[in-house]
Amino acid sequence: MDEIRITGGRPLRGEVAIGGAKNAVLKHQVATLLTAGRHTLSNVPGILDVALMCRVLDYIGAECSLRDDRLIVEIPDELNPEAPLDLVRQMRASILVMGPLLARCGRVRVALPGGDEIGARPITMHLDGLRQMGAEFELSHGILEGVAPGGLRGADVVFDFPSVGATENILLAAVRAEGVTTIENAAREPELVDLAMLLNHMGANITGAGTSTISITGVSELQPANHKVVPDRLEAGTYAVAGAISSGHVRISHCVPEHSRMELAKLEESGCEVVRGDDWFEVTGPERPKAVNIATLPFPGFHTDMHPQMVAYLSIADGTSVLTENVYEARFRYIGELTRMGADISTDWQHAVVRGVERLSGCPVEAPDIRAGAALALAGLRAEGTSAISEVHHIDRGYHRFVEKLEALGADIERKRSSNRDLS
Ligand code: EPU
8 MDEIRITGGR PLRGEVAIGG AKNAVLKHQV ATLLTAGRHT LSNVPGILDV
58 ALMCRVLDYI GAECSLRDDR LIVEIPDELN PEAPLDLVRQ MRASILVMGP
108 LLARCGRVRV ALPGGDEIGA RPITMHLDGL RQMGAEFELS HGILEGVAPG
158 GLRGADVVFD FPSVGATENI LLAAVRAEGV TTIENAAREP ELVDLAMLLN
208 HMGANITGAG TSTISITGVS ELQPANHKVV PDRLEAGTYA VAGAISSGHV
258 RISHCVPEHS RMELAKLEES GCEVVRGDDW FEVTGPERPK AVNIATLPFP
308 GFHTDMHPQM VAYLSIADGT SVLTENVYEA RFRYIGELTR MGADISTDWQ
358 HAVVRGVERL SGCPVEAPDI RAGAALALAG LRAEGTSAIS EVHHIDRGYH
408 RFVEKLEALG ADIERKRSSN RDLS
């Protein structure tokens with residue numbers, strides 16, 4: 008298995024360019040299923056999840072080709088409306104094919120995803136919303152079979168939590184449904200707004216994306232997509248913390264600072280200097296951060312996918328920080344690994360109490376998921392000695408050229424390859 012080795016202690020300096028957002032492009036890939044033809048997506052990151060979603064689309068009958076940052080998807084007239092277990096297991100976002108396939112084919116078969124390393128992650132809201140639109144589901148032997156006997160029709164869907172995936176599944180189903188669909192308490196994430204923009208460019212009629220109420224008037228025809236993916240605010244935020252934790256000075260370019268407003272505000276509160284431009288920002292890290300309290304929330308709140316990185320950073324703060332995780336119930340599994348590096352953190356239910364220590368020390372650690380993997384690497388930038396991070400395929404799921412980008416900023420980092428596999 009590949010591993011990433013980092014020897015800490017070097018302040019990072021320089022500029023890092025951000026790629027397209029994982030959590031947008033995966034949905035854009037799924038959106039191509041809504042109509043036959045040749046779709047083009049640009050600013051596509053060369054990450055493992057994009058390749059996995061291409062495999063899902065291939066299984067359904069599409070042809071995908073990724074060259075540099077441009078992804079071409081050819082969607083045929085006839086589709087095989089299925090997402091098999093091995094792909095859904097590897098990437099839960101595969102279940103987003105439900106909405107478009109029900110809309111296009113009137114039926115769908117997907118493996119029901121179980122929980123994963125960050126929580127149980129049920130999909131009840133997806134299914135309830137689709138049922139309201141006329142779909143019927145049956146679960147048998149772990150496979151969900153959905154049909155829409157009379158076609159999908161508009162409905163008033165009210166979520167009890169602004170789930171990103173449920174909002175997207177309903178959005179993707181509603182653009183070709185009969186009549187008007189309203190989603191109340193919708194997710195407001197920038198990636199979802201980008202999906203609505205893509206769909207509107209394809210000919211959909213969506214208003215209100217980015218607010219809590221989205222209205223979709225179904226249309227009978229769409230054109231193939233041609234769209235540039237919004238920058239990845241999680242990649243941007245991760246490199247911002249890399250600058251901060253190493254007491255360095257990093258310029259993050261090709262990003263949207265407004266999309267990281269809360270995360271940057273917390274970095275400033277901890278003693279970082281942050282300068283914002285139109286599509287860039289610069290972070291100068293303090294010698295040692297001040298403790299800050301953080302509560303994760305749906306957008307525009309502090310992003311749960313920046314929680315592990317911030318905990319790594321606050322582990323060397325002067326004082327005690329409390330992080331409250333409000334989105335996932337099991338996101339603290341990586342804390343044991345940080346503790347092995349010398350962090351002093353205890354957890355109680357949804358809270359992590361992070362008592363800042365003066366130094367971390369490098370050791371072998373295991374990446375349990377994408378963001379926690381990135382967080383352990385960030386801790387390694389600060390730690391004395393060498394850290395060796397295993398299970399780095401998790402990091403590959405969400406970060407393109409992670410090692411190369413950190414190396415270009417001056418980190419003492421290398422990837423030890425167990426084979427010649429190259430994801431870029
Ligand atoms: N939830 C339910 N029932 C549902 C749907 C969601 O209880 O029917 C719960 C989930 O269990 C979770 C919470 O609601 O506790 C939030 O889930 P949400 O549906 O909003 O998340 P998601 O669509 O499954 C996306 C991102 C995640 C990111 C979350 C929150 C993608 C592919 N994934 O997941 O990204 O954490 O939104 O912003 O877009 C990552 O990139 O590392 C990642 C995990």
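For reference, each letter of the sequence shown is one residue, going 8 to 431 in our numbering.
The beta-carbon is built from N, C-alpha and C at its ideal position, and this holds for glycine as well.
Just so we're clear, the structure is a prediction, and the values are computed from it rather than from any experiment.
Asked                                                                                                                                                    : Found
Return yes when at least one heavy atom of ligand 1 lies under 6 Å from the C-beta of G149, else no.                                                     : no
May I ask whether a heavy atom of ligand 1 can be found less than 6 Å away from the beta carbon of T131?                                                 : yes
What are the complete alpha helix (DSSP H) segments, minimum 4 residues, inside the region 86-146?                                                       : 92-97, 105-112, 131-139
C61 lies in the alpha helix (DSSP H); which residues open and close that run?                                                                            : 55-67
In three-state DSSP terms, what is G186?                                                                                                                 : coil
Going by C-alpha to C-alpha distance, which of V290, V361, G278 sits closest to P264?                                                                    : V290
Mapping the DSSP letters down to three states, classify F168 as helix, strand or coil.                                                                   : coil
Is any non-hydrogen atom of ligand 1 found closer than 6 Å to the C-beta of I377, if you look at the structure I gave you?                               : yes
Ligand 1 and N176: does any heavy atom of the ligand fall closer than 6 Å to the residue's C-beta?                                                       : no
Taking the continuous beta strand (DSSP E) assigned at E70, which residues delimit it?                                                                   : 70-74
For P315 and S267, what's the separation of their Cα atoms in angstroms?                                                                                 : 16 Å
Along the chain, where does the alpha helix (DSSP H) containing L288 start, and where does it finish?                                                    : Correcting the residue identity first, residue 288 is Phe in this sequence and not Leu. No alpha helix (DSSP H) holds F288; the beta strand (DSSP E) holding it covers 287-291.
Among H358, L119, P169, E143, whose alpha-carbon lies nearest the alpha-carbon of T220?                                                                  : P169
Out of L229, E280, G215, which has the shortest C-alpha to C-alpha gap to A247?                                                                          : E280
What's the call for H401, buried or exposed, on a 16-neighbour Cβ count within 10 Å?                                                                     : buried
Taking its Cβ as the centre, do 16 or more other Cβ atoms sit within 10 Å of Q230, making it buried, or is it exposed?                                   : exposed
Along the alpha helix (DSSP H) that carries V32, what are the first and last residues, could you check?                                                  : 29-38
Pull up the distance between the alpha-carbon of D429 and that of G161, whole angstroms please.                                                          : Per-residue confidence for D429 stands at a pLDDT of 47, beneath the threshold of 50, marking its modelled position as unreliable; the derived number appears in the next sentence. Cα to Cα, D429 sits roughly 45 Å from G161.
Whole-angstrom Cβ separation of R20 and V51, contact assumed at under 8 Å?                                                                               : Not quite, the Cβ-Cβ distance comes to about 29 Å (not below 8 Å), so this is no contact.
Would R389 pass as a contact of G15 if the rule is Cβ separation under 7 Å?                                                                              : yes
Can you round the beta-carbon distance between G26 and D239 to whole angstroms, since I take them to be within the 8 Å contact cut?                      : 6 Å
Considering I213, what are the terminal residues of the beta strand (DSSP E) in which it resides?                                                        : 212-214
Just to check my reading of the structure: V237 and A28 have Cβ atoms closer than 8 Å, yes? What is that Cβ distance to the nearest angstrom?            : 5 Å
For I130, does the count of other Cβ atoms within 10 angstroms reach 16, so buried, or fall short, so exposed?                                           : buried
For ligand 1, I want to know if V334 counts as a neighbour, meaning its beta carbon is within less than 6 Å of at least one of the ligand's heavy atoms. : yes
Cα separation between R283 and M313?                                                                                                                     : 19 Å
Have a look at I190 and W287 and give me their C-alpha separation to the nearest angstrom.                                                               : 33 Å
Measuring from the CB of S170, is there a heavy atom of ligand 1 at a distance below 6 Å?                                                                : yes
In the DSSP assignment, find the unbroken alpha helix (DSSP H) run with K297 in it and report its ends.                                                  : Premise fails: K297 is in no alpha helix (DSSP H) and is neither H nor E.
Are the Cβ atoms of D9 and V410 separated by less than 7 Å?                                                                                              : no
What's the C-alpha gap between R366 and G349?                                                                                                            : 7 Å
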